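Residue numbers (the working numbering): 3 to 425.
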């Protein structure tokens, strides 16, 4: 029998892009959020894989740690493996969250050891000498870092030092040696520290890491830490026969695409999608979103709903200037969700870009979970909403993908609406 997994993530798109690694290999997989166990039918893990969005990306270290400790305490069971999803560019509070998760595991098992491999090569995120690189450049030199970072450096051991977690870096040469050499390095790290930080530049590197860790004496007691790259490696290492992908029925209307992410790649994808002849583009200014009167909002919403009801695809984008106010992110996401909520019954499908945006939308739409089905491209997941509405949904982290990703997602959903198939 294949092991069950609990994934703890700090945002919704991260929860989805890790869980899809298992779903596309035939595992029964659900993404949930809010009160632990609400979407899964209880506090335990009834599915093969439960991925829980802790919604802690914007919290301070202490609050994020407390939330993860509570979730680990509520959701973990002795026969369930733990995967702590962290952002591949170290946003949020990954060190504090890992420390809290390890503390819970230590209380339960008497010892705890983490294998941390944050690389996601398919999206250009790699690790060398314990440092994060994006497209070959140091993390600190990227747009992502300039826009949002928690730590003073992209060096993972230094990040862990701040929470008192001793770490051992296992270099790329040892990872690529694989086999006995890598297993010995992991065993030595487990004796000397709480966390092994492993370099990786290719998917094969992550596959070696997964194989070596799963071969350790107490593999079920490990805490695996990383992004979707490591999740895919772990899912691939399990000898589980693939199950046929379920058929997906869409709702009656068009596809609603919502872009709230500030990432340059999402904005480029939005511009390209807006230029498509079958796409209706409705940009929304932040000032209007936060300050418009109810009559004006209702007229705007009625126009949107009318388009969706006749099967048109609509792109709603939070317009930003050259220097957007990052402090408004949460308020804008909540306001956008409230604005769009009455349109939910008219949706045929949904695309949400940015974890904060996706979470706010789904909460307002009465969605309490996602049943994952497939991966359209690395980091971009296809699922089916659970709760008040049941429609196909594509979620995408803001910084993932290319300028073609949103168009590809919309075309994929159009095929589902016409053919009832996820392929």
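Where a beta carbon is used, it is the ideal one built from N, C-alpha and C, also for glycine. Note that the structure is a prediction, hence the values are computed from the model and not measured.
Please state whether DSSP places residue 391 in a helix, a strand or coil. coil
Is the region 130-137 in contact with the region 95-112, if contact means three or more CB pairs nearer than 8 angstroms? no
Using a threshold of 8 angstroms, state whether the C-beta atoms of residue 84 and residue 107 are closer than that. yes
For residue 77, the nearest candidate out of 6, 123, 144 and 95 (CA to CA): Residue 6 is the option with its Cα nearest to residue 77.
From the DSSP secondary-structure annotation, give me the bridge partner or partners of residue 8. 52 and 84
Sequence-distant residues of its chain with Cβ nearer than 6 angstroms to residue 362 (five each side left out): Correct list, in chain order: 335, 336 and 339.
Going by beta-carbon coordinates alone, are residue 348 and residue 310 separated by less than 8 angstroms? Yes, Cβ-Cβ distance for residue 348 and residue 310 is below 8 angstroms.
List the whole-angstrom C-beta distance separating residue 375 from residue 385, where the pair is believed to meet the contact cut-off of C-beta under 8 angstroms. The beta-carbon separation of residue 375 and residue 385, rounded to 6 angstroms, stays under the 8 angstroms limit for a contact.
Would you report the Cα separation of residue 261 and residue 396, rounded to the nearest angstrom? 12 angstroms
Is the separation between the beta-carbon of residue 57 and that of residue 30 shorter than 8 angstroms? no
Residue 211 and residue 235 look like a contact to me (Cβ under 8 angstroms); what is the Cβ gap, rounded to whole Å? 7 angstroms
Assuming residue 148 contacts residue 90 under a Cβ cut-off of 8 angstroms, what Cβ separation, rounded to an integer in Å, is found between them? That belief does not hold up - the Cβ atoms of residue 148 and residue 90 are roughly 17 angstroms apart, past 8 angstroms.
To which residues of the same chain is residue 65 closer than 8 angstroms at the C-beta, ignoring the five residues directly before and after it? 58
Assuming the contact rule is C-beta atoms closer than 8 angstroms, residue 371 and residue 33 should be a hit. Round their C-beta distance to whole Å, please. Residue 371 to residue 33, Cβ: 6 angstroms. Contact.
Just confirm the distance between the C-beta atoms of residue 369 and residue 259, as a whole number of angstroms; I'd bet it's less than 8 angstroms. Wrong, their Cβ atoms sit about 16 angstroms apart, outside the cutoff.
What did DSSP end up calling residue 39 once you bin it into helix, strand or coil? Confidence in residue 39 is poor, its pLDDT being 49 and thus under 50, which makes the residue's placement unreliable; the coordinate value appears in the next sentence. Three-state DSSP puts residue 39 in coil, outside helix and strand.
Inter-residue spacing [alpha-carbon to alpha-carbon] between residue 238 and residue 181: 17 angstroms
Residue 373 bridges to which residues according to DSSP? 32 and 386
Check whether residue 116 and residue 196 have beta carbons under 8 angstroms apart: yes
Spatial distance of residue 142 from residue 10 (CA atoms): 26 angstroms
What is the rounded straight-line gap between the Cα of residue 406 and the Cα of residue 271? 6 angstroms
What does the alpha-carbon distance come out to for the pair residue 113 and residue 194? 13 angstroms
How would you label residue 293, buried or exposed, when you count the other beta carbons within 10 angstroms and need 16 or more for buried? Counting the other CB atoms within 10 Å of its CB gives residue 293 a total below 16, which places it among the exposed residues.
Report the residue ranges of all alpha helix (DSSP H) runs contained in full by the region 58-146; include only those spanning at least 4 residues, in chain order. 63-77 and 96-111
Within 10 angstroms of its Cβ, does residue 312 collect 16 or more other Cβ (buried), or is it exposed? exposed
Hey, residue 353 and residue 257 are a contact pair by Cβ (cut 8 angstroms); roughly how many whole angstroms apart? Contact holds; Cβ gap of about 6 angstroms.
Helix, strand or coil, according to DSSP, for residue 268 in the structure here? helix
For my contact list, residue 387 and residue 345 are in at a C-beta cut-off of 8 angstroms; report their separation, rounded to the angstrom. Actually they do not touch by this definition, with Cβ atoms about 14 angstroms apart.
Return helix, strand or coil for residue 44, following the three-state DSSP convention. Residue placement at residue 44 is poorly supported in this model, since its pLDDT is 45, which falls under 50; the coordinates still yield a value, given next. Here residue 44 sits in coil by DSSP.
Could you check where the alpha helix (DSSP H) with residue 315 kicks off and where it finishes? Segment 315-320 is the beta strand (DSSP E) holding residue 315; no alpha helix (DSSP H) there.
Whole beta strand (DSSP E) runs in the region 267-297 with 3 or more residues, listed along the chain? 281-286
Beta-carbon within less than 6 angstroms of residue 16's beta-carbon, same chain only, minus the 5 sequence neighbours each way: which residues are those? Around residue 16: 87.
Go ahead and pull the three-state DSSP assignment for residue 407. helix
Assuming residue 341 and residue 299 form a contact by the criterion Cβ under 8 angstroms, report the distance between their Cβ atoms to the nearest whole angstrom. At roughly 6 angstroms, the Cβ-Cβ gap stays under 8 angstroms, so residue 341 and residue 299 are in contact.
Tell me the DSSP secondary structure of residue 351 in three-state form. DSSP places residue 351 in strand when its eight states are reduced to three.
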